[in-house]
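Colleague:
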Amino acid sequence: MTTTSQKSSIFGLGTIVVDHQVYLNQFPDADTKCEIIEDRFQVGGPVPTALALLSKWGHSTSFQGTWGQDAYGEMIEKDLQERRIHMAGSVAKAGRKSGFAHVWIERTTGRRTIACHRGDSVIDPEALHLESITKADAIHLDGWSGSAAIKAAKQAKLQNGKVFLDLGSPKPSWEDLVSEVDYLNLPEGLLNKLFPDQSLIACAEKLLSLGPLEVTITQGARGAWHFCKEASLHQPAFPVVATDTNGAGDVFNGAMIHGTLAAWTPREKLRFATAVSALKCQKPGNRSALPELAAVEAFLDQ
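Yeah, the sequence shown ends on 792 if you go by our numbering, and it's all consecutive.
1) Report the three-state DSSP secondary structure of residue 507 (helix, strand or coil).
2) Using CA coordinates, which residue listed in 576, 497 and 612 is at the minimum distance from residue 586?
3) Helix, strand or coil: which one does DSSP assign to residue 621?
4) Just grab the DSSP bridge partners of residue 602 for me.
5) One question on the structure: do residue 444 and residue 500 come within less than 8 Å of each other, judged by their Cβ atoms?
6) At which residue ranges does the stretch 689 to 719 contain complete beta strand (DSSP E) runs of 3 or more residues, listed in the order of the chain?
7) Between the stretch 571 to 590 and the stretch 503 to 512, are three or more C-beta pairs nearer than 8 Å?
8) Below 8 Å between beta carbons: does that hold for residue 439 and residue 654?
9) Please state the DSSP three-state secondary structure of residue 769.
10) In the DSSP assignment, what are the bridge partners of residue 539?
11) Where do the N-terminal and C-terminal ends of the beta strand (DSSP E) with residue 744 fall, by residue?
12) Ordered along the chain, which non-local residues of its own chain (more than five positions away) have a Cβ less than 6 Å from that of residue 513?
13) Evaluate residue 726 with the Cβ neighbour count: other Cβ atoms within 10 Å of its Cβ, from every protein chain shown; 16 or more gives buried, anything less gives exposed.
14) Residue 589 bridges to which residues according to DSSP?
15) Anyone know if the C-beta pair for residue 549 and residue 498 falls short of 8 Å?
16) For residue 564, which residues does DSSP report across the bridge?
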């Protein structure tokens, strides 16, 4: 495996928000107060953060989403421009509020708790930027705007594009979308909501039966599993001191996309993605904390 590879084009469709990150020594109990150590604003969302990583590594990226004509909307547009993410068919809607999230981060552990307002983020299927989809080597989805996501997946497959889905929570018609996906990623905590009282392996088998070629299940500090019809494997998490786990799953997905497009083996890309996630967790934020490819390679060589 080499971290240098041919650059690809990736189109993303999904939610984009502005995070207000608040760092605390520890989470407060209900009906109590605590001091804020520091705070910052950043642009977040599973798909935009993955695209920011891929753009940093030299890939061509584009994103379709919606936001309001407000201060947060201006922050979103500025971030996409700075990260060289083309705003393919994205719309700033007058009179609408941009999505935002309050993110509390526990400095001693890196754990985060999030309250999110996604705004008016639904994309109409007829508004899809088909030109960007048909030109892309891959598309990355988060499951929101379900009808548009399904249409985008079908369109991408007509052009032999690879379809990735980061399913972070149950979505309407999620099974219909998963059936159109090639590469599915989801956190272990979601499994019991989708398939109550089933083992991790049983859940993975059910997900594979819906159509994906590969399924990855992330477990935070315990690493990640990879499943395909031929085999399964587990990658332990790398032991690092985490200061901010917000965005760890997003960059994991971006790294898996990078490895898949480079035709790496499942073990190679799972180990690589786990390392990228570990490096991100060592630094605060989800933009300045995105690692260079050389840093990932050096980390893996230790």
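Note that the Cβ used here is the ideal one computed from N, Cα and C, for glycine as well.
Remember, it's a predicted structure, so these values are computed and weren't measured experimentally.
Modeller: On the basis of the data shown:
1) Per DSSP, reduced to three states, the secondary structure at residue 507 is strand.
2) With distances taken between Cα atoms, residue 586 lies closest to 612.
3) The three-state reading of DSSP puts residue 621 in helix, counting H, G and I together.
4) 595
5) Lying outside 491 to 792, the shown extent of the chain, residue 444 is not represented and no answer is given.
6) 704 to 708 and 714 to 718
7) yes
8) There is no way to answer for residue 439, as the model of the chain reaches only from 491 to 792.
9) DSSP, read as helix, strand or coil, puts residue 769 in helix.
10) DSSP output for residue 539 lists no bridge partner at all.
11) That residue, residue 744, is in no beta strand (DSSP E); its alpha helix (DSSP H) goes 738 to 751.
12) 527, 528, 595 and 597
13) With fewer than 16 other Cβ atoms within 10 Å, it is exposed.
14) 507
15) yes
16) Answer is none; residue 564 lacks a bridge partner.
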